[in-house]
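Visitor: Supplied in structure tokens, the structure appears directly below.
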Amino acid sequence: MSYRTTAASTATATDYVEDVSPGSGALPPRAWYASSDAGSLSLNGSWSFRLSPTADGADDSFAEPGFDAGDWAEVTVPGHWVLQGDGAFGAPIYTNVRYPFPVDPPHVPTENPTGDHLRVFDLPSDWPDLSDGGAVLRFDGVESCARVWLNGTDIGEFKGSRLPHEFAVGHLLKPSGNVLAVRVHQWSAGSYLEDQDQWWLPGIFRDVTLLHRPAGSVLDFFTHASYDHTTGEGTLRVESDVDGRVTVPELDIDVRTGESVTVAVEPWTAETPRLYDGVLVTAGERVPLRIGFRTVEVADGLIKVNGKALLFKGVNRHEWHPEKGRALDLETMRADVLLMKRHNVNAVRTSHYPPHPAFLDLCDEYGLWVIDECDLETHGFTEHNWRGNPVDDDRWTPALLDRASRMVERDKNHPSVVIWSLGNEAGTGRGLTAMAEWIHGRDSSRLVHYEGDWECRDTDLYSRMYPDHAETELIGRGLDGGTPKRRGLPFILCEYGHAMGNGPGGIADYQRIFEAHDRIQGGFIWEWIDHGVKDERFGYAYGGDFGEELHDGNFVCDGLVFPDRTPSPGLVEFKKVIEPVRIDGDGTDGTVRVTNAYDFADLSALTFEWSYDVDGTSVESGTLAVPATLAPGESADVKLPAPPADAQGGAESGWTVRALLADESAWGAKGHQVAWGQVPASARPLPTLTASVAPALADGVITLGPGVFDARTGALKSIGAREVQGLRLDVWRAPTDNDMGADWAPHLRYGVLWRELGLDRMQHRLNGVELDGDQLTVRTRVAPAAAEVGLNTEYRWTSDGDRLKLTVSVVPEGEWKLPLPRLGLRLGLSEADRVTWFGGGPGEGYPDTKSASMVARWESTVDDLQTPYLRPQENGARADVRWAEIGGLRVDGDPEFWFTARRWTSEQLDAADHRTDLTPGDTVWVNLDHGQQGIGSQSCGPATLDQYLLRVAPAEFTFVFSAVE
């Protein structure tokens, strides 16, 4: 006997939730514009809110005028209800690939959190008479499915979370007491198309606006503004559904819509974002236009704008705010754009959905190339060999075409948008082909991108994510094979340099490959921002912190900026790697080579300054005369000034040359540093010490100059009055996200293998303490339990009476199959706070992430040396350090070393899951590393390159210790 009930054959009130169609009742998509002289009313603000556990958990009576919602809660729109109410409205869910519900398209769970939103509003006193034209209700973004009523009338429902939807409502309005009711479902058929490696966050998260539409007002319009680089002329034609005129006063343009006009113009580029203000005037409305003239094409196998090839120095940008989720205001968007410009970023891929439309206005204004990506990803179907993938199911094609058209029609008037992207990680199928065909037919002035189309059947460029350096090189050389069409197309890395935790490493090596091969036209770092949720328990929460059934941990924290938009060391490194001016020289001929690495601009916006540095301190400075008209791709050898006559002899010296903004720009202050380089003049004299005192044994201790040692173990106890704890060889670091790697990665996951070998629990066996003439020697064997491999380590101490010299010799024993995380010394100091060092800075740097380490004299506190990655891990090492002073102790290195200091051990750092798990202790633990393993980007990309592996081999290194006040 079956106890199962079946649904009635007639449609129910919630069938639309699982309907594969895009919705009903919405107006055709059209161009977005920020303002016009027609009236508008923002409906953002506080809304009454009721949460039901299922799609049919409440009836529709709340939509009727007069409904009493007095006992309802309130939420802010734009916003996500799971980020409001202190947990009363549910919690965020993070998954990367897997759907957080059973995969049975188009069906979704019965447990489907549904938020009823209610807003009662009056029309403003200056709102036109209701008989004058009509009105449109616009939703810029609702996740994931919404049904809308106005004054009790059901006006439609829609899917497509990151896309606009408008409804004609003029006939339903009244002067006061208008009741707008919106029912939002967390899960719908549309959710299968929105599996985009981010938090699942239901709600009305973008603007809600009522727009007056006067008789004869603008409907849709398309601004065509091309540029002919051979003549310097631009051609303007504005297509409009409603006849009107277009004026551009600066260009003396006054033409009918649909009419072309050609005039001399300054072109728009991301480097020179020249916009002309115009107006589209119809009988009922005046719409401001911002017009940028530029032409995009593939010519000679390259992506060209205005006749010149591009090199994308880009980032992938999800929309994120640590408290508001994807509900971003204009100033937050502006902060992103300004940060990008100030860090030499020139391009954005709007992963993986169209952004808030105002963001594209900012890209037009400040200058960023944009790949505008459709709101489409079906990645979870890869778990099932792509069975049932909607993009290869004709029933879903109307929804796919709706998403494509809403993106293109909304954003088609932005000069910054040069490429349309069909979506991301959605497999392959007929639906994608249909989208590409529609876009090509609608807008032939831009290119079409989709990374999943490896054969480039539907696309205008070849795109990949995370190819390693070797494969990228092969593609650049045209040795990658593929179809004849693909071999003739330009290539970009739509994702590379996975910026999860410490890293990404190896991006300078990528950049060298990009610049060596014309076919490779750059790439887009994954990604812009860590998606940490502000949380009083953890500082910032990530996947799993809200009790999700399925989650992908901190994989959502993989950005170049932290959630509060503080730049990470990865962004500082990226800025240096992609800087638009190269400053190089070896100091042999007294010149520096300056290369213009812009695509379009000369160097007239920059001024160049030099400083002559002795032991990391500037002793003289001035202005360097660099040709302002130096064209893109050209270099000039510029004579450096003679070193100062009184420059200190016997010291390390050199020039630092900086390229600075000559004047204030739209995005940066006068003097903002765009690029820099360092040119050596004289080499560093290595530290020397002539042994002149012998070790003395008495009362259980050995005294050698300022050093006191334990006579039994040979362990250093103090230097002068400075107590020293636990000085010994150290090979362990708290594995980075890139050390741990992804479980699907084809490369060795060193973080996992290091722990399996036991490098986190090395045992130190004392083999002997010897006093021989003027030398104290301590011999040890350092090895992990249960392993045959080891490191025979000898510490040889000498002194000149005031200083201590330690030479460490390491000889491997056994068959080492893994590189080491680090190789050096660790020691503990008490009462240490201020740090001064001469070496790389001001931020951290590792073998494959130290391009941005400028050699100079730096100062910091111990706390400020730390990089606060959301999941704690190895961080904070300063590279190429000549000497460092901390806690009354000075350390000189031969050769240069990595310096790290923190108020917890590497083991404590390793054990922490969140920043708040770290409690500062009374001891500052200092690492003086002869070697560090590189970082790589194996959290979702290639492993550390061979040249940055810290392979086990005999090593010897020296430190000279002295007490300082």
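Each step along the sequence shown adds one to the number in the working numbering, with nothing skipped, and position 523 is 588.
Ideal Cβ positions, reconstructed from N, Cα and C, are used throughout, including at glycine.
From a predicted model like this one, the values you see are computed outputs, not experimental measurements.
Classify T755: buried if its beta carbon has 16 or more other beta carbons within 10 angstroms, exposed otherwise.
Guide: Taking the sequence shown and counting its residues from 1, the one referred to as residue 755 is at position 690. Classification for T755: exposed.
Visitor: Considering just the uninterrupted stretch of the alpha helix (DSSP H) at G506, what are its terminal residues?
Guide: Taking the sequence shown and counting its residues from 1, the one referred to as residue 506 is at position 441. Looking at the DSSP string, the run of the alpha helix (DSSP H) that includes G506 is 495-507.
Visitor: When the Cα atoms are used, what is the spatial distance from T688 to L636?
Guide: Here residue 688 is taken as the residue at index 623 of the sequence shown, counted from 1. Here residue 636 is taken as the residue at index 571 of the sequence shown, counted from 1. One C-alpha to the other measures close to 28 Å.
Visitor: Give me the DSSP bridge partner(s) of C210.
Guide: One-based indexing of the sequence shown puts residue 210 at position 145. Per DSSP, K224, H250.
Visitor: How would you write the range of the alpha helix (DSSP H) that Q973 sits in, first residue to last?
Guide: Here residue 973 refers to the residue found at position 908 when the sequence shown is read from its first residue. From DSSP, the alpha helix (DSSP H) with Q973 extends over 971-976.
Visitor: Taking the C-alpha atoms as reference points, what is the distance between G715 and P800?
Guide: As a first step, residue 715 is located in the sequence shown; it is residue number 650 there, counting from the start. As a first step, residue 800 is located in the sequence shown; it is residue number 735 there, counting from the start. Cα to Cα, G715 sits roughly 40 Å from P800.
Visitor: For V854, which option in G823, V691, F154 has the closest C-alpha, if you only look at C-alpha atoms?
Guide: If you number the sequence shown from 1, residue 854 lands on position 789. That would be G823, whose Cα lies nearest to the Cα of V854.
Visitor: I need the straight-line Cα distance from Y98 to E430, nearest angstrom please.
Guide: Position 33 of the sequence shown, counted from the start, is the residue given in the question as residue 98. Position 365 of the sequence shown, counted from the start, is the residue given in the question as residue 430. Y98 and E430: Cα-Cα distance of roughly 14 Å.
Visitor: Indicate the three-state DSSP secondary structure (helix, strand or coil) for V691 in the structure shown.
Guide: Numbered from its first residue, the sequence shown carries residue 691 at position 626. Three-state DSSP puts V691 in coil, outside helix and strand.
Visitor: Tell me whether A211 is buried or exposed, calling it buried when 16 or more other Cβ atoms sit within 10 Å of its Cβ.
Guide: Here residue 211 corresponds to residue number 146 of the sequence shown, with the count starting at 1. By the neighbour-count rule (16 or more Cβ atoms within 10 Å), A211 is buried.
Visitor: Can you find at least 3 beta carbon pairs, one from the stretch 666-681 and one from the stretch 713-728, that sit closer than 8 Å?
Guide: As far as the Cβ criterion goes, the stretch 666-681 touches the stretch 713-728, which means the pair count is three or higher.
Visitor: How far does the alpha helix (DSSP H) with I540 in it extend, from its first residue to its last?
Guide: Looking up residue 540 in the sequence shown gives position 475. Taken as a continuous stretch (DSSP letters only), the alpha helix (DSSP H) holding I540 covers 534-541.
Visitor: Please go through the same chain and pick out, in chain order, the residues whose beta-carbon is closer than 8 Å to the beta-carbon of E442, but skip the five residues on each side of it.
Guide: Counting from 1 along the sequence shown, the entry for residue 442 is found at position 377. For E442, where only same-chain residues beyond five positions count, the Cβ hits under 8 Å are L258, E259, D260, Q261, D262, H417, G488, N489, E490, A491.
Visitor: Can you give me the C-alpha to C-alpha distance between L1060 and K406, rounded to a whole angstrom?
Guide: Residue 1060 is absent from the model: the chain starts at 66 and stops at 1030.
Visitor: Have a look at S256 and S209 and give me their C-alpha separation to the nearest angstrom.
Guide: Here the question's residue 256 lines up with position 191 in the sequence shown. Here the question's residue 209 lines up with position 144 in the sequence shown. Whole-angstrom Cα-Cα distance: 6 Å.
Visitor: Does the beta carbon of G155 sit closer than 9 Å to a beta carbon anywhere in chain D?
Guide: Reference to chain D is not applicable here, since this structure consists of a single protein chain.
Visitor: What does the alpha-carbon distance come out to for the pair V876 and V1017?
Guide: Your numbering for residue 876 matches position 811 in the sequence shown. Your numbering for residue 1017 matches position 952 in the sequence shown. Taking the straight line joining both Cα atoms gives about 9 Å.
Visitor: For A710, list the residues DSSP reports as bridge partners.
Guide: Residue 710 sits at position 645 when you count from the first residue of the sequence shown. Note: A710 sits in no beta bridge, so no partner.
Visitor: Give a yes or no on contact between the stretch 474-484 and the stretch 319-330, applying the rule of three or more CB pairs nearer than 8 Å.
Guide: Touching, no, given that fewer than three Cβ pairs across the two stretches are closer than 8 Å.
Visitor: Compute the Euclidean distance between the alpha carbons of V1025 and R868, then round it to the nearest angstrom.
Guide: Taking the sequence shown and counting its residues from 1, the one referred to as residue 1025 is at position 960. Taking the sequence shown and counting its residues from 1, the one referred to as residue 868 is at position 803. The alpha-carbon atoms of V1025 and R868 are separated by roughly 7 Å.
Visitor: Identify whether P61 lies in helix, strand or coil by the three-state DSSP scheme.
Guide: An answer regarding residue 61 cannot be provided, because it is not within the stretch 66 to 1030 covered by the chain.
Visitor: T161 to C1005, Cα distance in whole Å?
Guide: Counting from one through the sequence shown, the residue named residue 161 turns up at place 96. Counting from one through the sequence shown, the residue named residue 1005 turns up at place 940. A small fix is needed here, since residue 161 is Asn in this sequence, not Thr. Rounded to whole angstroms, N161 to C1005 spans 12 Å at the Cα level.
Visitor: Check whether the stretch 840-851 and the stretch 764-780 are in contact - that is, three or more C-beta pairs closer than 8 Å.
Guide: Result yes; three or more Cβ-Cβ pairs closer than 8 Å.
Visitor: I'd like the ranges of any beta strand (DSSP E) spanning at least 3 consecutive residues and lying wholly in the stretch 958-1011.
Guide: Qualifying beta strand (DSSP E) stretches, in chain order: 988-997.
Visitor: Could you tell me how far apart the beta carbons of P555 and R584 are, in whole angstroms, since I believe they sit closer than 8 Å?
Guide: Counted from its first residue, the sequence shown places residue 555 at position 490. Counted from its first residue, the sequence shown places residue 584 at position 519. Contact flag correct, Cβ pair sits at about 6 Å.
Visitor: Note down, in chain order, each residue of its chain lying with its Cβ closer than 6 Å to the Cβ of A977, except the 5 sequence neighbours on either side.
Guide: On the sequence shown, residue 977 is found 912 positions in, with the first residue counted as 1. Closer than 6 Å at the Cβ level, and outside the excluded window around A977, lie P937, L983.
Visitor: For G155, collect the residues of the same chain with a Cβ closer than 6 Å to its Cβ; drop the 5 residues on either side in sequence, then sort them by chain order.
Guide: For the purposes of this step, residue 155 is taken as residue 90 along the sequence shown, with counting starting at 1. Closer than 6 Å at the Cβ level, and outside the excluded window around G155, lie V147, P178.
Visitor: On the three-pair Cβ rule with 8 Å, is the stretch 624-644 touching the stretch 300-319?
Guide: Judged by Cβ distances under 8 Å, the stretch 624-644 makes no contact with the stretch 300-319, as fewer than three pairs qualify.
Visitor: Considering just the uninterrupted stretch of the beta strand (DSSP E) at E853, what are its terminal residues?
Guide: The count along the sequence shown starts at 1 and reaches residue 853 at position 788. No beta strand (DSSP E) holds E853; DSSP gives it neither H nor E.
Visitor: Please list the terminal residues of the continuous beta strand (DSSP E) segment that includes T141.
Guide: Translated into the one-based positions of the sequence shown, residue 141 becomes position 76. Element bounds for T141: 138-142.
Visitor: To test your reading of the DSSP string, which unbroken beta strand (DSSP E) runs of 3 or more residues are found completely within the stretch 366-447?
Guide: List check, beta strand (DSSP E) in window: 367-370, 377-381, 412-414, 434-438.
Visitor: State the Cα-Cα distance for the pair L993 and V691, rounded to the nearest angstrom.
Guide: Position 928 of the sequence shown holds residue 993. Position 626 of the sequence shown holds residue 691. Each residue's alpha carbon lies about 40 Å from the other.
Visitor: Please work out which residues of its chain come closer than 8 Å, Cβ to Cβ, to V140, disregarding the five sequence neighbours upstream and downstream, and give them in chain order.
Guide: Stepping through the sequence shown from its first residue, residue 140 is reached at position 75. These residues qualify, in order along the chain: S111, W112, F114, W146, Q149, G150, F154, G180, H182, G268.
Visitor: Return the chain-ordered list of same chain residues with a C-beta closer than 8 Å to the C-beta of A1028, the five sequence neighbours on each side being excluded.
Guide: What you label residue 1028 is simply residue 963 of the sequence shown in a count that begins at 1. So the list reads P771, I784, G785, A786, R787, G953, L954, R955, once near-sequence residues are dropped.
Visitor: Our contact map puts L202 next to E231 with C-beta atoms below 8 Å; I'd like the distance itself, whole angstroms only.
Guide: Translated into the one-based positions of the sequence shown, residue 202 becomes position 137. Translated into the one-based positions of the sequence shown, residue 231 becomes position 166. About 7 Å separates the two Cβ atoms, so the contact holds.
Visitor: Where does the unbroken alpha helix (DSSP H) through A944 begin, and where does it stop?
Guide: Taking the sequence shown and counting its residues from 1, the one referred to as residue 944 is at position 879. Unbroken run through A944 is the beta strand (DSSP E), 943-951; no alpha helix (DSSP H).
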